[in-house]
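Data block below; observations after.
2 protein chains.
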Amino acid sequence: MDDLETRELRYFVAVAEELHFGRAADRLGIAQPALSRAIRQLEHRLGVQLLDRDRRGAALTDAGRVLLREAGAALDAVAAAARRTRRAGDEKRPLMLVTKAGASHELLQRLLVAHASAPDAAPVEVVLCEVGEQARFLRDGRADVAIMHRPYDDLAGFDTEDLYVEGQVALLPAGHPLAARDQLTLAEVRDVPGLPIARWPQLDGTYPDGPGPEVHTQSQLAQLVALGKTLLVIPASSRAWQWPDHVAVPVVDAPEVTTVIAWPPSGYSPAVASLVRSAAGLHRVAPTS
Amino acid sequence: MDDLETRELRYFVAVAEELHFGRAADRLGIAQPALSRAIRQLEHRLGVQLLDRDRRGAALTDAGRVLLREAGAALDAVAAAARRTRRAGDEKRPLMLVTKAGASHELLQRLLVAHASAPDAAPVEVVLCEVGEQARFLRDGRADVAIMHRPYDDLAGFDTEDLYVEGQVALLPAGHPLAARDQLTLAEVRDVPGLPIARWPQLDGTYPDGPGPEVHTQSQLAQLVALGKTLLVIPASSRAWQWPDHVAVPVVDAPEVTTVIAWPPSGYSPAVASLVRSAAGLHRVAPTS
DNA sequence: ACTTGCTGATGCCCTTCAGGTATCAGCAAG
DNA sequence: CTTGCTGATACCTGAAGGGCATCAGCAAGT
């Protein structure tokens, strides 16, 4: 059977994301005719039409949508193979741990301290990423292990260990009427006049509908809240990055958030095992806040 | 960054498995010099030595072992992308369900019947594979969903739903002294003179040490047990394939076996969801035996 | 209706590089 | 010192990926 080459997958992903051969070719650094031919050949080899060409661009067929998803996963796996192999060559390579910037500060702190005193401690390097990007880092080999949050993050396909369960708080600009309350409900937080809830990327990378601003970094958020443009509901421990002009109020009926440590099952190594063991030792210890 | 091509990964896997450039080249249908050059180039691009060449063949380095594992996963992902995309083109494509030949007969039977009467039932095609191969089928796209057994099968990276929990029985040749007992313990079953326990492939594909024969199909096993060459401990429901000259005796302290339905998180589709829902409806119903 | 300005598709040429054949080079065992 | 393995080199060839120029369809101005 004729196997696909990663080049073909990269080409298709570019076109599927741009929905435009010219721009995709540009992004890939090749000429448009070459791209058109490559995609045609790919369609022919798979025996399936992937794109509906149209006067004003291209649109994905059902099969195209399947391939977009699968190709992404496959390319991540290939990238992971390269990265992990390169790193296997280094002696004294540190373990890469990825987490959302600004989340779970203190838990992470304690984890690193605890692990440093473990007998078989390997050095750990912390990588910060944007919201929802941890899974990507694990999948493509940029990280060996991640700190993630259920139910917000995509844990599919990873082994995990629960570390900590906590409630959520609403983060409001100081001076807002609701900021004086000592607790809130989700119903009260929704539809606050002039204070729409910020919209985060969902598991599939799209944004939910709504009036609030689209954000994907903590600093954007902090800014927007301070400016009185939005409010948000976040895990209680995240108020570590709270600004002076922010006020956190517990939201009593918000779903609980579980902080977990996650790793790709294929990438299980003694170093990862050791770190996970250190993490398990932190179980249920409330963070100082 | 220079991405790897699947061709290079296939070449490396062949060499890593054969540990011999000539044989690997033969298997790939290319000449040995081309292979040598491809591997050298791969090593150079990764900046890591993958193989220790030696007068009598090649041996994997640590990095090589990492790449062997990662490349396998990556190639499976690429193959899955191709297969799932092709199948997405077919209308009326059946759902592919894979299970070990001979295991969980009746549960599967009931699942298929239950699902056939579901309102959104898609046709289901059953594929049988050898012991421990289900994960491979799910990973490379040959199957959409699998019936597997914890703790025997490798469930890492899949979403699962528990279907059924059962104890295990020892399968003995009729006429053996232990066959008259109405229950046994693991301690009694181990080290039965002249009846070593058969050795199954472990999660990593290697065989545990021991005196018993290496087997990987049910029919091999059935034969060996009937011949009085081995005994084995298996889930109670597997005695469906028991021969007339087999006797099953419960092993009271053997770990429980959970039959689960598993699917790759990436491959989640309405059809899979529907089948899983049907399966969940079977919960805890004891099979007739 | 004609033009304009987008889109992706074609035709033709060139360069690159994967792969084949022949041969070399190291080394262990006769 | 020869023989018979191994993998590595040298050199050539050919398929195919890629670039450039151009074509072809279609919608929206004018």
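Protein chains in written order, with the numbering used here: chain A, 12 to 300; chain B, 12 to 300. The beta carbon of each residue, even a glycine, is placed where N, CA and C say it ideally should be. These figures come from a predicted structure and were not determined experimentally.
Fully enclosed alpha helix (DSSP H) runs of no fewer than 4 residues occupy 281 to 291 of the segment 233 to 300 of chain A, in order along the chain. The three-state reading of DSSP puts A:A114 in coil, since its state is none of H, G, I, E or B. Note that the C-beta distance between B:V137 and B:L108 is below 8 Å.
Judged by DSSP in its simplified three-state form, A:D13 adopts coil rather than helix or strand.
Within the same chain, D165 come within 6 Å of B:A146 by CB-CB distance, once the 5 residues on both sides are set aside. When the beta-carbon positions are compared, B:Q179 and B:A265 come within less than 8 Å of each other.
With respect to chain A, the C-beta atom of B:A85 has a partner C-beta closer than 8 Å.
About 5 Å separates the CB atoms of B:V271 and B:D173; that is less than 8 Å, so the two are in contact.
Within a 10 Å sphere around the beta-carbon of A:A185 sit fewer than 16 other beta-carbons, which makes this residue exposed. A straight-line Cα-Cα distance of about 12 Å links A:V244 and A:V258. Residue A:V262 holds the alpha-carbon nearest to the alpha-carbon of A:D193 among A:V262, A:P224, A:V236.
DSSP places B:I50 in the uninterrupted alpha helix (DSSP H) bounded by 43 to 57. Spatial neighbours of A:P281 in its own chain (CB-CB distance under 8 Å, excluding positions within 5 residues in sequence) are listed in chain order as D131. Under the Cβ distance rule, B:R21 counts among the residues neighbouring chain A, one pair being separated by less than 8 Å. Counting only the Cα atoms, A:R76 lies some 14 Å from A:L53. Sequence-ordered contacts of the segment 162 to 195 of chain B with chain A read A167, G168, F169, D170 [C-beta pairs closer than 8 Å].
Of all C-beta pairs linking the segment 53 to 68 of chain A to the segment 37 to 56 of chain B, fewer than three are shorter than 8 Å, placing the two stretches out of contact.
Residues of the same chain with a CB within less than 8 Å of the CB of A:D170, apart from the 5 flanking positions on each side, are A273, W274, P275, P276, Y279 in chain order. Taking 7 Å as the cut-off between beta carbons, the residues of the segment 277 to 291 of chain A near chain B are S277, in sequence order.
In the DSSP annotation of this structure, A:A157 is not part of any alpha helix (DSSP H); the continuous beta strand (DSSP E) holding it starts and ends at 156 to 161. The Cβ atoms of A:V89 and B:L15 sit closer than 8 Å to each other.
Shown here for A:Y22: same chain residues with a beta carbon closer than 7 Å to its own, the five before and five after excluded, namely L39, L46, A49, I50 in chain order. In the DSSP assignment, A:L149 falls within the unbroken alpha helix (DSSP H) covering 145 to 150. Taking CB atoms only, A:V89 has a neighbour in chain B less than 8 Å away. Bounds of the beta strand (DSSP E) holding A:E172 are 170 to 177.
By the rule that beta-carbons nearer than 8 Å mark a contact, B:D65 does not touch chain A.
As DSSP reads the structure, A:E136 sits in a beta bridge with A:M107. Rounded to the nearest angstrom, the gap between the Cα atoms of B:V200 and B:H116 is 26 Å. The three-state reading of DSSP puts A:D63 in strand, counting E and B together. In the structure shown, A:A69 adopts extended strand secondary structure according to DSSP, grouped into three states. Beta-bridge pairing by DSSP links A:A181 to A:V244, A:V260.
Residues of chain A with a Cβ closer than 9 Å to the Cβ of B:V271 do not exist, since the nearest Cβ in that chain sits about 15 Å away. Looking at A:G223, A:A74, A:Y218, A:L242, the one whose alpha-carbon comes closest to that of B:R98 is A:A74.
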